[in-house]
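This report refers to the structure that appears directly beneath it.
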Amino acid sequence: MANVKKTAPRLRKLSVYLYIPNIIGYVRVLLNCIAFYLCFSDKRVFSVLYFISFVCDAIDGWCARKFNQVSTFGAVLDMVTDRISTACLLVILSQVYRPGLVFVSLLALDIGSHWLQMYSTFLTGKTNHKDVKDSTNWLFKAYYGNRMFMGYCCVACEVLYLILFLIAGKQSESLVDVVASTVRQGSPLSFLVALSLFGWAIKQTINVIQMKTAADVCVLYDIEKKQKP
Amino acid sequence: MAKSSKKLTPRLRKLSVYLYIPNIIGYARVLLNCYAFGICFSNKWLFSVLYFISFVCDAIDGWCARKFNQVSTFGAVLDMVTDRISTASLLAILSQVYRPGLVFVSLLALDIGSHWLQMYSTFLTGKTSHKDVKDSTNWLFKAYYGNRIFMGYCCVACEVLYLILFLIVDTQSESLVDVVGSSLQQGSLLSILVALSLFGWAIKQVVNVIQMKTAADVCVHYDIEKKQKP
Numbered sequence: 001m002a003n004v005k006k007t008a009p010r011l012r013k014l015s016v017y018l019y020i021p022n023i024i025g026y027v028r029v030l031l032n033c034i035a036f037y038l039c040f041s042d043k044r045v046f047s048v049l050y051f052i053s054f055v056c057d058a059i060d061g062w063c064a065r066k067f068n069q070v071s072t073f074g075a076v077l078d079m080v081t082d083r084i085s086t087a088c089l090l091v092i093l094s095q096v097y098r099p100g101l102v103f104v105s106l107l108a109l110d111i112g113s114h115w116l117q118m119y120s121t122f123l124t125g126k127t128n129h130k131d132v133k134d135s136t137n138w139l140f141k142a143y144y145g146n147r148m149f150m151g152y153c154c155v156a157c158e159v160l161y162l163i164l165f166l167i168a169g170k171q172s173e174s175l176v177d178v179v180a181s182t183v184r185q186g187s188p189l190s191f192l193v194a195l196s197l198f199g200w201a202i203k204q205t206i207n208v209i210q211m212k213t214a215a216d217v218c219v220l221y222d223i224e225k226k227q228k229p
Numbered sequence: 001m002a003k004s005s006k007k008l009t010p011r012l013r014k015l016s017v018y019l020y021i022p023n024i025i026g027y028a029r030v031l032l033n034c035y036a037f038g039i040c041f042s043n044k045w046l047f048s049v050l051y052f053i054s055f056v057c058d059a060i061d062g063w064c065a066r067k068f069n070q071v072s073t074f075g076a077v078l079d080m081v082t083d084r085i086s087t088a089s090l091l092a093i094l095s096q097v098y099r100p101g102l103v104f105v106s107l108l109a110l111d112i113g114s115h116w117l118q119m120y121s122t123f124l125t126g127k128t129s130h131k132d133v134k135d136s137t138n139w140l141f142k143a144y145y146g147n148r149i150f151m152g153y154c155c156v157a158c159e160v161l162y163l164i165l166f167l168i169v170d171t172q173s174e175s176l177v178d179v180v181g182s183s184l185q186q187g188s189l190l191s192i193l194v195a196l197s198l199f200g201w202a203i204k205q206v207v208n209v210i211q212m213k214t215a216a217d218v219c220v221h222y223d224i225e226k227k228q229k230p
C-alpha cells in the first residue's frame, strides 16, 4: 500500500498511457495518418491500412479486458479515432463523387448523432452508449439488443465507404451512376455492395433516432433538475 | 405551484423546452446552415452571409437564454453540435477547392479531436462548461481562457479565415500557399484582415492541441483516483 504512494503521480499517469490497448490505439492513429496521406496516390494500400485500423479497434477492446487494462483514456482515444477516421473518409468521398454534399450530410449526421449520444450517456450516468435499455423504439431495441447485428451494421458502413472510394474512377463521378452500375453487374462485388448498403441504411436510421432520443434525455435532465428542491 | 405543475403532462413540459426562444434560434441556425451549404458552390457570397449570420446567432441565443431565463442543457448541446458540424462542413468544402486538401482534413481532425476530448474531460471533472478552466498551469491556456474577448477574437478569426479562403478561391484546386501568399502581398484591406485572422487562427489551433493533452490527462487522473478510493 505504501508502495503505491511511492509511485510518483507522473509515473502512474505514464503507466496508463503505456497500457497495451492504448499503445494499440496510438498505432491506429499512425496507421490512419499514413493511410490518408497516401489515399490518392495508392488507394489499395490506403484501404488495407484503414481496414487494419478498423480491426485493431476490436482488438484493443479485447486486450483491455484480457490484460485488465481498461481505461477511460483508452475508451476516449478509441471513440475519437473512430470519429475522425470516418469523418476523413467521408470528406475524401465528397471530393470524388457528385453530389459531394451527400457525404458532407452523412458527416454531419455521424458527428451530430454520436455527440448527442455521448452527452446523453453522461447525463444519465450510463457507462457506455451501447448499454441502452430503456428505449421503447423497436428498431433501437433490435439494434442494441443484438451485438452481432450491431457489428454488422457498423462494419457495413465502413466497407461501403471503402468500396465506394476504391471503385471511383476519375474525379467527380456521379454517385448514383456508380452505385447503380455496380449493383446491376451481378458480380460478387454487387452482392457485397448490396449487403453493405442494407447495413449502412439501418445504421443511419439508428443515428437519426439516436439524436431524437438523446435530445429527449437532455430535456428530461433539465426538467428533473428543476423538480428537485 | 404543485397543482399547476403536476397538471402539465411530461410531454407538454418536454415540448416547452423544445420551444424555448433560444432553442428556436438554434433551429433557425440549423436551417440557415443547411440552406447555405446547399448553395455554397452556386452562390458563394450568399453562402458566406448566411454562414456568418448563423455564427452571429450563436452569440445571440446564448444572450437570449440568460435574458429570458431559458437556459437548457438541450440548447447548449444543440449549439455545440451546430458549431462543430458547420465548421466541419466548411473545412470539407475547403479541402475540395484547395491543394493540398489534406491540410483542411487535418484541421477537421484537430477540431473534432480537441472538442471531443475537452467535452469528455469537462464531464469527468464535473465542470459545467469547458470554458471554465481554472486549474491548468499552461500560460497560454490561462491567457486564452482568462480573457473572454481574446478567446472570442481567436474563435471569430478561425471562421473569418475559412470564409475568406472560400471566397477568394477562383478555380478548383488552387494552391493554398499561393493564394494566401498573394493575398498577403497585396497590401490591401483584405491583406490586413487575412493577417489578423491567421494570427487568431494560429493561437486557436495551438490551444486546441494543448487542450487535447490536458483533457487526456484528466481522463487518466479520473481512472487513477477511482482506483484509489476503496
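Those protein sequences? They're chains A and B, same order as listed.
UniProt numbering puts the first residue of the first sequence at 1, with every later residue one more than the last.
UniProt numbering puts the first residue of the second sequence at 1, with every later residue one more than the last.
All residues carry an ideal CB built from backbone N, CA and C; glycine is no exception.
- Between the segment 94-108 of chain B and the segment 93-103 of chain A, the count of Cβ pairs shorter than 8 Å is three or higher; the stretches touch.
- Measuring C-alpha to C-alpha distances from Gly101 (chain B) to each of B:Lys44, B:Leu165, B:Ile210, B:Gln185 identifies B:Leu165 as the nearest.
- Here the segment 137-154 of chain B makes no contact with the segment 28-41 of chain B; the two share fewer than three CB pairs at distances below 8 Å.
- Counting along the chain, Asp170 (chain B) sits inside no alpha helix (DSSP H), nor does DSSP assign it H or E at all.
- Put simply, the segment 198-207 of chain A touches the segment 150-170 of chain A. At least three CB pairs are less than 8 Å apart.
- Listed in chain order, the positions of the segment 173-194 of chain A with a beta carbon within less than 8 Å of a beta carbon of chain B would be empty, since no residue qualifies.
- Take the alpha-carbon of Arg11 (chain B) and the one of Ile223 (chain A): they are about 11 Å apart.
- Secondary structure in the segment 96-157 of chain B: the alpha helix (DSSP H) runs of 4 residues or longer, each lying completely within the stretch, are 102-125, 139-146 in chain order.
- For Asp42 (chain A), no CB of chain B lies under 9 Å from its own CB, so it is not counted at the interface with that chain.
- Put simply, the segment 61-74 of chain A does not touch the segment 110-123 of chain A. Fewer than three CB pairs are less than 8 Å apart.
- Contacts between Lys13 (chain A) and chain B, judged by CB atoms closer than 8 Å, involve Asp217, Val220, His221, Ile224 in chain order.
- Restricting attention to B:Val71, B:Gly126, B:Phe52, the CA atom closest to the CA of Val156 (chain B) is found in B:Phe52.
- Within chain A, not a single residue places a beta-carbon under 8 Å from that of Gly26 (chain B); the smallest gap is close to 11 Å.
- DSSP places Ala195 (chain B) in the uninterrupted alpha helix (DSSP H) bounded by 189-228.
- Distances from the alpha-carbon of Asn69 (chain B) to those of B:Val17, B:Leu32, B:Asp79 put B:Val17 closest.
- Taken atom to atom, the span from the alpha-carbon of Ser188 (chain B) to that of Leu198 (chain B) is near 15 Å.
- Annotation: the continuous alpha helix (DSSP H) that includes Val179 (chain A) extends over 175-184.
- Ser105 (chain A) and Asp83 (chain B) have their C-alpha atoms roughly 15 Å apart.
- Counted as a single uninterrupted DSSP element, the stretch harbouring Asn69 (chain B) is not any alpha helix (DSSP H), since DSSP gives it neither H nor E.
- As a beta-bridge residue in DSSP terms, Tyr97 (chain A) pairs with A:Glu173.
- Excluding residues up to 5 positions away in sequence, Cys154, Cys158 lie with their Cβ nearer than 6 Å to the Cβ of Lys204 (chain B) in the same chain.
- Per the coordinates, the alpha-carbon of Phe104 (chain B) lies some 10 Å from the alpha-carbon of Cys88 (chain A).
- Interface with chain A (9 Å Cβ-Cβ cutoff): Ser42 (chain B) is excluded.
- In this model, Ser191 (chain B) and Thr87 (chain B) are separated by some 23 Å (Cα to Cα).
- For Cys88 (chain A), the C-beta contacts it makes with chain B under 8 Å involve Val105, Leu108, Ala109, in order along the chain.
- By the criterion of a C-beta distance shorter than 6 Å, Cys57 (chain B) is surrounded in its chain by Ile25, Arg29, once the five residues flanking it on both sides are discounted.
- Taking a C-beta distance under 9 Å as the contact criterion, Val80 (chain A) and Ile112 (chain B) qualify as a contact pair.
- Secondary structure at Tyr26 (chain A): helix, using DSSP grouped into helix, strand and coil.
- If you ignore the 5 residues before and after Tyr19 (chain A), its C-beta comes within less than 7 Å of the C-beta of Gln69, Ser71, Gly74, all in its own chain and listed in chain order.
- Proximity of Ile24 (chain A) to chain B, defined by a Cβ-Cβ separation below 9 Å, is not satisfied.
- Within its own chain, the residues whose Cβ lies closer than 8 Å to the Cβ of Ser190 (chain A), once the five positions on either side in sequence are excluded, are Thr182, Val183, Arg184, listed in chain order.
- Within the segment 101-120 of chain A, those residues whose Cβ lies closer than 7 Å to any Cβ of chain B are, in chain order, Leu101, Val104, Leu107, Ala108, Ile111, Gly112, Trp115, Leu116, Tyr119.
- Per DSSP, Ser187 (chain A) lies in no alpha helix (DSSP H) and is assigned neither H nor E.
- Taking C-beta atoms under 8 Å as the contact rule, Val218 (chain B) and Leu140 (chain B) fail to qualify, at a distance of about 18 Å.
- Put simply, of A:Phe149, A:Val217, A:Glu173 the residue whose alpha carbon is nearest the alpha carbon of Leu195 (chain A) is A:Phe149.
- Within its own chain, the residues whose Cβ lies closer than 8 Å to the Cβ of Cys218 (chain A), once the five positions on either side in sequence are excluded, are Leu116, Tyr119, Ser120, Leu123, listed in chain order.
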